[in-house]
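Novice: The letter at position 168 of the sequence shown is residue 157 when you use the working numbering, and the numbering goes up by one with no holes.
Here a beta-carbon is modelled for each residue, glycine too, at the ideal position from N, C-alpha and C.
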Amino acid sequence: VPEFLLLTGCKQLVTLRGSAPRCGAAMRELGIIKNGALLIRDGRIAAIGSEAHVKRAARKLPPKDRKRIRELNAQGAVALPGFVDSHTHLVFPASRAEEYELRIAGATYEQIAAAGGGILSTVSKLRKASPASLRQRALASLTYMAAHGATTVEAKSGYGLDAPSELKILRLHRELAKAQPLDIVSTFLGAHVPPPEYRDCPDDYVELLCRRLIPQVATAHLAEYCDVFCDRGAFTLDQSRRILTAARACGMGLRLHAEQLTHTGAAQLALELHAASADHLEQINSDDIRALAASDVTCTLLPGCCFHLGLQHYAPARALVEAGAIVALATDFNPGTSPTLNMQMILSLACTQMRMTPAEAVAAATINAAYSLGRADRIGSLEVGKFADLALFAVEDYREIPYYFGVNHCTTTIKKGQIVWNRR
Ligand SMILES: [Zn+2]
-10 VPEFLLLTGC
0 KQLVTLRGSA
10 PRCGAAMREL
20 GIIKNGALLI
30 RDGRIAAIGS
40 EAHVKRAARK
50 LPPKDRKRIR
60 ELNAQGAVAL
70 PGFVDSHTHL
80 VFPASRAEEY
90 ELRIAGATYE
100 QIAAAGGGIL
110 STVSKLRKAS
120 PASLRQRALA
130 SLTYMAAHGA
140 TTVEAKSGYG
150 LDAPSELKIL
160 RLHRELAKAQ
170 PLDIVSTFLG
180 AHVPPPEYRD
190 CPDDYVELLC
200 RRLIPQVATA
210 HLAEYCDVFC
220 DRGAFTLDQS
230 RRILTAARAC
240 GMGLRLHAEQ
250 LTHTGAAQLA
260 LELHAASADH
270 LEQINSDDIR
280 ALAASDVTCT
290 LLPGCCFHLG
300 LQHYAPARAL
310 VEAGAIVALA
320 TDFNPGTSPT
330 LNMQMILSLA
340 CTQMRMTPAE
350 AVAAATINAA
360 YSLGRADRIG
370 SLEVGKFADL
380 ALFAVEDYRE
390 IPYYFGVNHC
400 TTTIKKGQIV
410 WNRR
């Protein structure tokens, strides 16, 4: 029995229809329909356009289907494709609020890590945490993400750093995908930092990843992508190449934490290995920008990180957009450097700190992020045949979403045609 939902009363229906991904000036073409409407059939968009056009399409349905149409009036809200949060560390055991205070007092991220804090403090807690407690925390985060307009979330492992704990996280990704409505794209980040047991022989850990863990993860289909943190204090360029080459041989897509703290050559490695995405990119130079812009590697920028760490130097978003790179935005939700799961706040930071226009930020947070996850044919824009993944915001103009910063404008989130969040 088909299910229908007719959404009317959208003051602006921001479709992002057309080619994907969006680059350069095309990032500012959002395909906005004024007073738009949408007809959803079985979770997919069946008609979209002016209210008159969509109502006409609804009237053409057979009478038995017409009776099944539920109507939702957006009451003048702005509708966007659901946010695609394409870089998160969803599963972790506890906040690191104590470090937040240390950092405010002047300690750097690396000083905190050297003193036994940082990623490894989260690792030791996660290894001891029960799957049930991790699951409860992650479910709460996903509910909050949906309430802020996200409909698809990429999730990385990387706080386990041994076989049982990494597999515990990846299995949880699979469970979470079934237990709640948002889509979860699972990424294996066993190469987050070398684990404490391998401090003096990180190459042995790289061997373990390449020979045992990556093949095991790939065979069990526990992750679609493999990611590496290539930086000072994490993995070298050569180690990163070995890990990602092993993952590619197992059929996994590739992502990289690249050029965040220091310039390592990781952006060039992303190009060399045809990675889906190079993320962070705070330290890239003009050669990197030119090369990335000429490629189809998505540049995923994470301004929440610089904001939370109180850093002045953000990734050069303006130069990347103007060079024609595929730019995406994500929260980087994690307990150490970006404890936010609000994509609206990321849009605000992209606009004020990286000088992206509101339109560019919207394109980066939807269609381009969907592209980086290999899903631009299904999500990221509002077009006939795509999944009805969208969010309604109580503003009069889409630019007010980043403009009125730090509050949640999202009133309704729809995932595959189902209302999964409603403020009223
Ligand atoms: Zn990250």
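Could you name each continuous alpha helix (DSSP H) segment of 4 residues or more that falls completely within the segment 134 to 195, going from the start of the chain to the end?
Specialist: 152 to 168
Novice: Around ligand 1, what residues have a beta-carbon under 7 Å from a heavy atom of it, in chain order?
Specialist: H76, H78, K145, H246, D268, L291, D321, N323
Novice: Which class does R116 belong to by DSSP, given the choice of helix, strand or coil?
Specialist: Residue state, collapsed to three classes: helix.
Novice: Using a threshold of 8 Å, state whether the C-beta atoms of I278 and A259 are closer than that.
Specialist: no
Novice: Quick check: the Cα distance between S84 and S275, rounded to an integer number of angstroms?
Specialist: 36 Å
Novice: R33 by DSSP, collapsed to three states: which one?
Specialist: strand
Novice: Determine whether the beta carbon atoms of A339 and A319 lie at a separation below 8 Å.
Specialist: no
Novice: By how many angstroms is the C-alpha of E349 removed from the C-alpha of G299?
Specialist: For G299 and E349, the distance between alpha carbons rounds to 24 Å.
Novice: Give a yes or no on whether the C-beta atoms belonging to H246 and D227 are separated by under 8 Å.
Specialist: no
Novice: Provide the residue(s) that pair with L27 in DSSP beta bridges, ordered along the chain.
Specialist: L(-4), I37
Novice: Near L243, what residues of its chain come up, given a Cβ to Cβ distance below 7 Å and the 5 sequence neighbours on each side ignored?
Specialist: Excluding five sequence positions before and after L243, the CB atoms of its chain that fall closer than 7 Å to its own CB belong to Y214, C215, L233, A236, R237, L262, A264, A265, given in chain order.
Novice: Looking only at its own chain, which residues have a Cβ that is under 6 Å from the Cβ of R59, when we skip the five neighbours before and after it?
Specialist: L(-6)
Novice: What separation, rounded to the nearest whole angstrom, lies between the Cα atoms of S146 and M241?
Specialist: So the alpha carbons of these two residues sit roughly 15 Å apart.
Novice: Quick check: is any heavy atom of ligand 2 less than 7 Å from the C-beta of L300?
Specialist: This structure lacks ligand 2; the ligands present are ligand 1.
Novice: Decide if Q1 is buried, meaning its Cβ has at least 16 other Cβ atoms within 10 Å, or exposed.
Specialist: buried
Novice: Can you tell me the Cα-Cα spacing of L291 and M345, whole angstroms?
Specialist: 13 Å
Novice: Can you name the start and end residues of the beta strand (DSSP E) that R237 belongs to?
Specialist: Where R237 is concerned, there is no enclosing beta strand (DSSP E), although the alpha helix (DSSP H) it sits in stretches over 226 to 238.
Novice: Please confirm if the segment 85 to 105 is in contact with the segment 126 to 140, defined as three or more CB-CB distances below 8 Å between the two stretches.
Specialist: no
Novice: Return yes when the Cβ of V409 is within less than 8 Å of the Cβ of A135, no when it is not.
Specialist: Yes, they are a contact pair.
Novice: Jot down the residue ranges of each uninterrupted alpha helix (DSSP H) in the segment 286 to 355, minimum 4 residues, whole runs only, in chain order.
Specialist: Secondary structure in the segment 286 to 355: the alpha helix (DSSP H) runs of 4 residues or longer, each lying completely within the stretch, are 292 to 298, 306 to 312, 332 to 343, 347 to 354 in chain order.
Novice: So, is A118 buried or exposed, given that buried needs 16 or more other C-beta atoms within 10 angstroms?
Specialist: buried
Novice: Does the distance from the C-beta atom of H181 to that of I108 stay below 8 Å?
Specialist: yes
Novice: Would T355 and G369 be called neighbours here (beta carbons separated by less than 8 Å)?
Specialist: Result yes, Cβ atoms of T355 and G369 sit closer than 8 Å.
Novice: Report the residue from I203, A317, S122 whose alpha carbon sits nearest the alpha carbon of N357.
Specialist: A317
Novice: Report yes or no: do the segment 194 to 211 and the segment 168 to 179 share at least 3 C-beta pairs separated by less than 8 Å?
Specialist: Yes: the two stretches touch, three or more of their Cβ pairs being nearer than 8 Å.
Novice: Whole angstroms is fine: what's the gap from I315's alpha carbon to T287's?
Specialist: 5 Å
Novice: Let me check understanding here. Comparing Cα to Cα, which of A35, Q64, A63, F72 lies closest to L50?
Specialist: A35
Novice: The beta strand (DSSP E) that contains S266, what's its start and end?
Specialist: 266 to 269
Novice: Rounded to the nearest angstrom, how far is the Cβ of M332 from that of G138, given a contact under 8 Å?
Specialist: A Cβ-Cβ distance of about 6 Å is found for the pair M332 and G138, placing them in contact under the 8 Å criterion.
Novice: Rounded to whole angstroms, what is the Cα-Cα separation between C295 and E196?
Specialist: In a straight line, the C-alpha of C295 is about 32 Å away from that of E196.
Novice: Do you know offhand how far R124's Cα is from T341's?
Specialist: 35 Å
Novice: Give a yes or no on whether the C-beta atoms belonging to V67 and D386 are separated by under 8 Å.
Specialist: yes
Novice: Does any C-beta atom of chain D lie closer than 8 Å to the C-beta of L156?
Specialist: Structure shown: chain D not included; a single protein chain is present.
Novice: Among N323, Q249, P324, whose alpha-carbon lies nearest the alpha-carbon of T289?
Specialist: The alpha carbon of T289 has as its nearest neighbour, out of N323, Q249, P324, the alpha carbon of Q249.
Novice: Is the separation between the beta-carbon of L362 and that of E143 shorter than 8 Å?
Specialist: yes
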